[in-house]
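Numbering (our numbering), first residue to last: 881 to 1186.
Built from N, CA and C at the ideal position, the CB exists for glycine as well.
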Ligand SMILES: NC(=O)c1ccc[n+]([C@@H]2O[C@H](COP(=O)([O-])OP(=O)(O)OC[C@H]3O[C@@H](n4cnc5c(N)ncnc54)[C@H](OP(=O)(O)O)[C@@H]3O)[C@@H](O)[C@H]2O)c1
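Put into structure tokens, the structure is as follows:
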């Protein structure tokens, strides 16, 4: 099969064996696989610097997949022909989701949302699960105030929507042109990026917000907007500030969770969570998709189609 690998600076399209599903695993024929900032770090070979994977010559690319179950390993609760989404969460596999086929643990797979294309569905797993798990860690529940930086980004959009659904009151920070978008997603307050963030937040929420999820990697500038004893959730390894003023600082790294993924799929079907696609590319044009994502300003996910 054709598969993308990275590690030497750019995504490379190679011929690789179709992986075999073991017990509790499924082989998925890939219909669409989104490109995430993490793929850029893996392609560049810098992922080992962050302590999240060993240093290897190459890694498979692609975390998000939408496709059709092709074969089922012993005990996996799926059937061939089922349309599914999944998260290829094991970083060190030689091939992952940006390929013609991928093997996933059944515990990383859920049925695909009805009424959405595979391209739309492929934008869900990594970013929605990261948002879900970050909100859990931030304690973003009913009546709590939450600052989301990078709110117009792929993770940021899910953070705003899922936090609002939990009843949290969201302050969103994004580019001035993103106000309508993030308000539609459920932000109660909007702050245009680039000014005095803590001052602006404290003018809206006296004393500071209960928690921040810092998807734009603003660090101390975002911590200053949190109340004493609140929570700071970083999403980038090595980017968390020191927990001054009793603030609980944590870094959340996504994990596969079929139950959470199934719940997000249900919310997508109900129209309560949005899928956003910025463009599609064939596998052989992956380098173009990487360059476009690296240039910034992309709203929604770029998706590769084998
Ligand atoms: N820990 C995990 O498990 C995990 C999982 C997924 C992603 N991540 C990380 O989370 C971060 C966000 O990922 P993503 O996929 O959502 O990326 P993305 O779609 O590129 O979104 C990032 C957003 O932040 C915006 N931004 C940049 N600087 C900003 C600032 N100063 N103020 C406000 N907004 C700003 C960007 O706007 P422009 O495009 O206009 O610059 C963009 O909208 C990345 O660092 C990624 O590596 C971590």
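Per DSSP, reduced to three states, the secondary structure at residue 924 is helical. Secondary-structure assignment with DSSP links residue 1184 through a beta bridge to 913, 1161. Its Cα nearest to that of residue 933, the residue 970 stands out among 966, 964, 970.
Contact between residue 964 and residue 983 does not hold, since their C-beta atoms are separated by about 12 Å, which reaches or exceeds 8 Å. With fewer than 16 other Cβ atoms inside 10 Å of its own Cβ, residue 1076 counts as exposed. If you draw a straight line from the Cα of residue 1026 to the Cα of residue 951, it is about 43 Å long. Looking at the backbone, the Cα of residue 986 and that of residue 1074 are separated by about 43 Å. Excluding the 5 residues flanking it on each side, residue 936 has same chain C-beta neighbours closer than 8 Å at 887, 928, 972, in chain order. CA-CA distance, residue 1145 to residue 953, rounds to 23 Å.
By the criterion of a C-beta distance shorter than 8 Å, residue 904 is surrounded in its chain by 953, 954, 955, 956, 985, 986, 987, once the five residues flanking it on both sides are discounted. Put simply, the backbone Cα of residue 1172 is about 31 Å away from that of residue 1017. Bridge partners of residue 894 according to DSSP: 883. Of all alpha-carbon atoms in 1055, 1068, 1057, the one lying nearest the alpha-carbon of residue 1040 is that of 1068.
Under the three-state reduction of DSSP output, residue 1168 falls in the helix class.
A Cβ-Cβ distance of about 36 Å is found for the pair residue 1051 and residue 1185, leaving them out of contact under the 8 Å criterion. Taken through DSSP and simplified to helix, strand or coil, residue 1156 comes out as coil.
The beta carbon of residue 1078 sits closer than 6 Å to the beta carbons of 1104, 1105 from its chain, once the five residues preceding and following it are set aside; these are given in chain order.
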